[in-house]
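Visitor: Have a look at this one.
Residue numbers (my numbering): 112 to 331.
Laid out in structure tokens, this is it:
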């Protein structure tokens, strides 16, 4: 038996866990995912602002850099950004956090979203070193996830997936993050834009893809 279901519009969001503007964009997109539940799907993909581990960073220089987070923090719907003041060293590179996010995605979409959000809070609010696997395991276990599932983050195929997504983003014209595009369209929106801009884009996308599609088992 055939039946009709609403068409779902898919978006791909490229983001990095060391990017302050990505946190604001993620919060806005998360609210829109709830608002348009069942009508849109957002697929989060990796982008590496610091792809290579370059050793320790000068703590004072990094602390001065984190003062620039005030720009992202000044937005009305921003997360809580704090100038670096913890005993943790600055993260050395982006890759470990993305590995762990991919491991969470293997567990399920809810696990991914919880880990995704937790990584942002850990870095920007708590000033944790999210390039340390010890820290990442602690954050993982806080979410009630199994330690055995965390080990997936160390698989070569997970690293390959992260690097592929980063390269793909560059090919699509994402020369910075956050960057969002429709899965069926080449157009990319780069930058953390107001929620209303994303909403208008979603509404236009739904109107253009308006209608119902057939679903059902071919054997019915």
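Glycine included, C-beta positions come from ideal geometry on N, C-alpha and C.
1) Taking only the alpha-carbon atoms, compute the straight-line gap between residue 174 and residue 148 and give it to the nearest angstrom.
2) Apart from the five residues just before and just after residue 189, which ones in its own chain have a Cβ nearer than 7 Å to its Cβ?
3) For residue 265, does the count of other Cβ atoms within 10 angstroms reach 16, so buried, or fall short, so exposed?
4) What are the boundary residues of the beta strand (DSSP E) that includes residue 242?
5) Residue range of the alpha helix (DSSP H) that residue 292 falls in?
6) Going by the CB atoms, is the gap between residue 275 and residue 209 shorter than 8 Å?
7) Grab me the residues of residue 280's own chain with a C-beta within less than 7 Å of its C-beta, minus the 5 sequence neighbours each way, in chain order.
8) Under 8 Å, with one C-beta from each stretch per pair, do the stretch 196-204 and the stretch 304-313 reach the 3-pair mark?
9) Start and end of the beta strand (DSSP E) containing residue 153?
10) Are residue 247 and residue 211 closer than 8 Å when you measure CB to CB?
11) Ends of the beta strand (DSSP E) at residue 168?
12) Apart from the five residues just before and just after residue 207, which ones in its own chain have a Cβ nearer than 8 Å to its Cβ?
13) For a test of the three-state rule: what should DSSP assign to residue 309, helix, strand or coil?
14) Anyone know if the C-beta pair for residue 144 and residue 151 falls short of 8 Å?
15) Based on the DSSP secondary-structure assignment, which residues constitute the bridge partners of residue 300?
16) For residue 142 and residue 217, I'd like the C-alpha separation in whole angstroms.
17) Around the C-beta of residue 165, are 16 or more other C-beta atoms found within 10 angstroms, so that it is buried, or is it exposed?
18) What are the boundary residues of the beta strand (DSSP E) that includes residue 120?
19) Using only the alpha-carbon positions, how far apart do residue 118 and residue 273 sit?
20) Sort out for me which residues DSSP pairs residue 148 with in a bridge.
Guide: In terms of the structure at hand:
1) 39 Å
2) 135 and 183
3) exposed
4) Counting along the chain, residue 242 falls outside any beta strand (DSSP E), and DSSP gives it neither H nor E.
5) From DSSP, residue 292 is part of no alpha helix (DSSP H) but of the beta strand (DSSP E) over 290-293.
6) no
7) 125, 156, 158 and 290
8) no
9) 151-157
10) yes
11) No beta strand (DSSP E) holds residue 168; DSSP gives it neither H nor E.
12) 241, 242, 243, 244, 247 and 264
13) helix
14) yes
15) 291
16) 23 Å
17) exposed
18) 120-126
19) 29 Å
20) 151
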